[in-house]
Amino acid sequence: MRTPFFPGLGLAAVLLTAAVVSCSGGEDPEPSGVDAGDSTPDAGTPPVDSGTPDAGEDAGVDAGVDSGTPDAGEGDAGTPDAGDAGPGLPSVAIPDTLSGFGLFTGSPADGGLQPVEGNIPYEPTTPLFSDYALKSRTLYVPPGKTAGYHARDVLDLPVGSIITKTFSFPADLREPEKDVRAIETRVLVRQPGGWEAYPYLWNAAQTEATKASGGAVVPGIQLIDEAGVTRTFDYLVPSRNQCTKCHHVLDSAKNQVMVPIGVKARYLNRDHVYGAQAANQLQHLAGLGKLSGLPSLDEVPRAPDAFNPDEANLDTRARTYLDINCAHCHNPKSTAGDTSRLFLDIASTETLNLNAGVCKRPGSAGSGVGGEFDIVPGDHSVSILWYRLDTEESGKMMPELGRALRHDQASRLIADWIDAMPARACE
Ligand code: HEC
Ligand code: HEC
450 MRTPFFPGLG LAAVLLTAAV VSCSGGEDPE PSGVDAGDST PDAGTPPVDS GTPDAGEDAG
510 VDAGVDSGTP DAGEGDAGTP DAGDAGPGLP SVAIPDTLSG FGLFTGSPAD GGLQPVEGNI
570 PYEPTTPLFS DYALKSRTLY VPPGKTAGYH ARDVLDLPVG SIITKTFSFP ADLREPEKDV
630 RAIETRVLVR QPGGWEAYPY LWNAAQTEAT KASGGAVVPG IQLIDEAGVT RTFDYLVPSR
690 NQCTKCHHVL DSAKNQVMVP IGVKARYLNR DHVYGAQAAN QLQHLAGLGK LSGLPSLDEV
750 PRAPDAFNPD EANLDTRART YLDINCAHCH NPKSTAGDTS RLFLDIASTE TLNLNAGVCK
810 RPGSAGSGVG GEFDIVPGDH SVSILWYRLD TEESGKMMPE LGRALRHDQA SRLIADWIDA
870 MPARACE
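The numbering of the sequence shown is our numbering, which starts it at 450 and goes up by one.
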């Protein structure tokens with residue numbers, strides 16, 4: 450049902466010749482109608498030359514964020530996936546405008562934003578909920594390079610890889626192809642020193658998206674939801690620092706190392722329509738020579754669509770929802786998991802024990818969160834986990850970033866899951 454990309458454009462097949470087109474200024478870099486946050490430390494910095502090995506521009510924002518290190522530099526010790534980053538590999542130049550990457554043709558204004566050939570669209574089996582935003586994603590792996598398959602973790606993507614995710618809102622969710630407004634395109638770039646995150650904000654004319662590292666508020670988004678209810682809310686574009694809150698793992702020295710989240714085999718294991726033909730996304734990548742080590746599909750794990758009862762039982766669907774919506778913070782290797790000791794990744798919830806929240810008293814004191822325990826088996830109404838997923842109150846709602854609205858379907862799913870657990874009193 451989701452539109453894989455903005456509708457309307459014919460397929461423009463532009464060959465992407467270089468890893469990155471150097472920063473052309475784009476055609477229309479005028480400031481967008483939104484209230485871009487101030488103090489974007491690097492907004493005015495000219496993009497780095499492709500030849501420059503990781504100028505200090507991004508220090509403290511990519512790997513090693515919050516550590517206060519003034520120069521994260523390259524090869525941040527301990528970066529688990531920087532292994533293939535040979536010295537002297539060129540950094541990807543980060544343009545001030547999205548068009549400067551050369552990854553798309555067209556724009557939402559002229560009826561469609563189309564990935565160029567080599568920038569491969571994909572969709573996860575179950576996405577992150579972000580206030581009902583429609584999202585289109587692409588994966589670019591540079592010519593001559595391949596990603597390595599992993600059964601459980603994110604694909605091992607080579608230096609020069611770029612992943613994009615474009616957020617947009619239709620006026621009416623029941624007609625998702627009509628009156629679509631693009632808000633932001635998030636970009637993850639695999640540099641020699643690790644991953645870097647960049648948000649780009651679409652202008653009101655929908656002709657160009659401009660780098661906005663400081664985050665932004667897009668006030669008064671209005672949409673009609675699937676039940677026909679009009680919702681009005683302020684949409685928050687995260688700052689670069691906020692990207693790291695979700696996109697990191699802790700290395701052995703407990704430094705935050707930036708990582709992608711959704712490009713895992715189990716989430717990519719589904720069909721996508723390329724041109725006129727449907728194909729499994731992983732097999733498509735392998736067929737293009739962009740993925741090595743893919744076993745036969747019956748050996749590849751698959752996360753179900755969390756809202757399709759035909760795909761999996763309630764338990765698996767609920768745990769999958771928590772895995773993609775919560776586990777990037779709530780896992781043993783991330784900061785919030787490390788402090789809260791609540792682990793919601795798919796492996797941790799296999800056994801419903803204390804770390805999965807069952808009869809667990811929250812570490813952070815705080816009243817008015819619906820109960821005393823994260824999960825009280827058999828009763829969602831006194832379970833903090835459900836309460837914090839259901840509430841729209843800031844400071845209490847989970848995830849703490851990236852949503853202002855309740856995801857009604859998810860609230861029901863998690864309530865049903867908790868209610869289906871054999872009832873048990875917690876103490
Ligand atoms: C609230 C947590 C959260 C925040 C904040 C966040 N992301 Fe993500 N992001 C996710 C999750 C979860 C996924 C995977 C699921 C999906 O694609 O829907 C994801 C996916 C992505 C992807 C697709 C590749 C991947 O990792 O699977 C890109 C690109 C991306 N994010 C960029 C960014 C950038 C840039 C920022 C900051 C402006 C940001 N994200 C902030 C949670 C977050
Ligand atoms: C951006 C990171 C982030 C995401 C995503 C996130 N959380 Fe949290 N969560 C935190 C932090 C930080 C805390 C500890 C502070 C607090 O309680 O507010 C926490 C605490 C909690 C607690 C209290 C846990 C305890 O035992 O102390 C619950 C329950 C919870 N989160 C549920 C969820 C659920 C459910 C989701 C997904 C729908 C989710 N969280 C997504 C960061 C996150």
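Beta carbons: idealized from backbone N, C-alpha and C, even for Gly. This one's a predicted model, so the numbers in the text were calculated from it and none came from an experiment.
Leaving out the 5 sequence neighbours to the left and right, which residues in its chain are closer than 8 Å to K627 when beta-carbon positions are compared?
Locating residue 627 in the sequence shown gives position 178, counting from the first residue. Result list for K627: P619, A620 and D621, in chain order.
Neighbour-count burial assignment, S662, 16 or more Cβ in a 10 Å radius:
Here residue 662 is taken as the residue at index 213 of the sequence shown, counted from 1. It is buried - the Cβ of S662 has at least 16 other Cβ atoms within 10 Å.
Measuring only from the beta carbon, is H777 closer than 7 Å to any heavy atom that is part of ligand 1?
Mapped onto the sequence shown, residue 777 falls at position 328. Within the chosen limit of 7 Å, ligand 1 reaches the beta carbon of H777 through at least one heavy atom.
Do V708 and V698 have their CB atoms nearer than 8 Å?
Here residue 708 is taken as the residue at index 259 of the sequence shown, counted from 1. Here residue 698 is taken as the residue at index 249 of the sequence shown, counted from 1. The answer is yes: Cβ separation under 8 Å.
Anyone know if the C-beta pair for I773 and P576 falls short of 8 Å?
Taking the sequence shown and counting its residues from 1, the one referred to as residue 773 is at position 324. Taking the sequence shown and counting its residues from 1, the one referred to as residue 576 is at position 127. Cβ distance < 8 Å, so I773 and P576 count as in contact.
Jot down the residue ranges of each uninterrupted beta strand (DSSP E) in the region 606-688, minimum 3 residues, whole runs only, in chain order.
611-619, 629-640, 643-651, 658-660, 665-673 and 679-686
Can you have a look at S548 and say buried or exposed, based on whether 16 or more other CB atoms are within 10 angstroms of its CB?
The residue you call residue 548 lines up with position 99 of the sequence shown. Buried.
Less than 8 Å between the beta carbons of K614 and R635, yes or no?
Your numbering for residue 614 matches position 165 in the sequence shown. Your numbering for residue 635 matches position 186 in the sequence shown. At a Cβ-Cβ threshold of 8 Å, K614 and R635 count as neighbours.
Distance, Cα to Cα, F756 vs T765?
Along the sequence shown, read from residue 1 onward, the residue named residue 756 stands at position 307. Along the sequence shown, read from residue 1 onward, the residue named residue 765 stands at position 316. For F756 and T765, the distance between alpha carbons rounds to 11 Å.
Considering only their Cβ atoms, is the gap separating T546 from A658 smaller than 8 Å?
The residue labelled residue 658 in the question sits at position 209 within the sequence shown. The residue labelled residue 546 in the question sits at position 97 within the sequence shown. Yes; because the gap between Cβ atoms is below 8 Å, this pair is in contact.
Less than 7 Å between the CB of E849 and some heavy atom of ligand 2, yes or no?
Start at 1 with the first residue of the sequence shown, and residue 849 comes out as number 400. Yes, the Cβ of E849 comes within 7 Å of a heavy atom of ligand 2.
How about Y647: is its Cβ closer than 7 Å to a heavy atom in ligand 1?
Position 198 of the sequence shown, counting from 1, holds the residue named residue 647. Ligand 1 approaches Y647 closely enough that one of its heavy atoms is under 7 Å from the residue's Cβ.
Can you name, in chain order, every residue of its own chain whose Cβ lies under 6 Å from the Cβ of Q671, other than the five neighbours on each side?
Mapped onto the sequence shown, residue 671 falls at position 222. T681, listed in sequence order.
Where S813 and N804 are concerned, what is the direct C-alpha to C-alpha distance, given to the nearest angstrom?
Start at 1 with the first residue of the sequence shown, and residue 813 comes out as number 364. Start at 1 with the first residue of the sequence shown, and residue 804 comes out as number 355. So the alpha carbons of these two residues sit roughly 15 Å apart.
Take C775 and list the residues in its own chain whose beta-carbon comes closer than 6 Å to its own, dropping the five residues that flank it on each side.
Here residue 775 corresponds to residue number 326 of the sequence shown, with the count starting at 1. Closer than 6 Å at Cβ, skipping near neighbours: L793.
Quick check: the Cα distance between A869 and R855, rounded to an integer number of angstroms?
In the sequence shown, residue 869 corresponds to position 420, counting from 1. In the sequence shown, residue 855 corresponds to position 406, counting from 1. For A869 and R855, the distance between alpha carbons rounds to 22 Å.
Going by other Cβ atoms of all chains shown within 10 Å of its Cβ, with 16 needed for buried, is V666 buried or exposed?
As a position in the sequence shown, residue 666 is number 217, starting the count at 1. Burial is judged here by how many other beta carbons sit within 10 angstroms of a residue's own beta carbon; V666 has fewer than 16 and is exposed.
L743 and I411 - do their beta-carbons sit closer together than 8 Å?
The chain is shown from 450 up to 876; residue 411 falls before or after that span and cannot be answered.
Alpha carbon to alpha carbon, what distance is there between I612 and Y589?
For this step, residue 589 is matched to residue 140 along the sequence shown. For this step, residue 612 is matched to residue 163 along the sequence shown. One C-alpha to the other measures close to 6 Å.
Considering Cα atoms alone, identify which of P871, S540 and D580 is closest to P848.
Position 399 of the sequence shown, counted from the start, is the residue given in the question as residue 848. Comparing Cα positions, the closest option is D580.
Who are N729's beta bridge partners in DSSP?
Here residue 729 refers to the residue found at position 280 when the sequence shown is read from its first residue. Per DSSP, D720.
Where does T595 land, buried or exposed, given buried means 16+ other C-beta within 10 angstroms?
Along the sequence shown, read from residue 1 onward, the residue named residue 595 stands at position 146. T595 comes out buried.
Would DSSP call V706 helix, strand or coil?
Counting from 1 along the sequence shown, the entry for residue 706 is found at position 257. Of the three classes helix, strand and coil, the one that applies to V706 here is strand, per DSSP.
With a threshold of 16 other CB atoms inside 10 Å of the CB of G513, please say whether the residue is buried or exposed.
Counting from 1 along the sequence shown, the entry for residue 513 is found at position 64. Legend: pLDDT at G513 = 33, less than 50; position of this residue unreliable, no value from coordinates given.
Have a look at G555 and P592 and give me their C-alpha separation to the nearest angstrom.
Locating residue 555 in the sequence shown gives position 106, where the first residue counts as 1. Locating residue 592 in the sequence shown gives position 143, where the first residue counts as 1. Taking the straight line joining both Cα atoms gives about 23 Å.
Cutoff 8 Å; reference S688; Cβ partners in own chain excluding five residues on either side:
Here residue 688 is taken as the residue at index 239 of the sequence shown, counted from 1. If we look at S688 and ignore the five residues flanking it on each side, its Cβ neighbours are G486, P648, S662, G663 and G664.
If you run the structure through DSSP and keep just helix, strand and coil, what is I795?
Reading the sequence shown from its first residue, position 346 is the one you call residue 795. Of the three classes helix, strand and coil, the one that applies to I795 here is coil, per DSSP.
Using 10 angstroms around the beta-carbon of R861, count the other beta-carbons present and answer buried if the total reaches 16, otherwise exposed.
Here residue 861 is taken as the residue at index 412 of the sequence shown, counted from 1. It is exposed - the Cβ of R861 has fewer than 16 other Cβ atoms within 10 Å.
Secondary structure of V749, DSSP reduced to three states
Your numbering for residue 749 matches position 300 in the sequence shown. Coil at V749, not helix or strand.
Residue environment, D559, which counts as buried when at least 16 other CB atoms sit within 10 Å:
Numbered from 1 along the sequence shown, position 110 holds the residue referred to as residue 559. With fewer than 16 other Cβ atoms within 10 Å, it is exposed.
When we look at the beta-carbon of P668 and count the other beta-carbons within 10 Å, is it buried (16 or more) or exposed?
What you label residue 668 is simply residue 219 of the sequence shown in a count that begins at 1. Under this definition P668 is an exposed residue.
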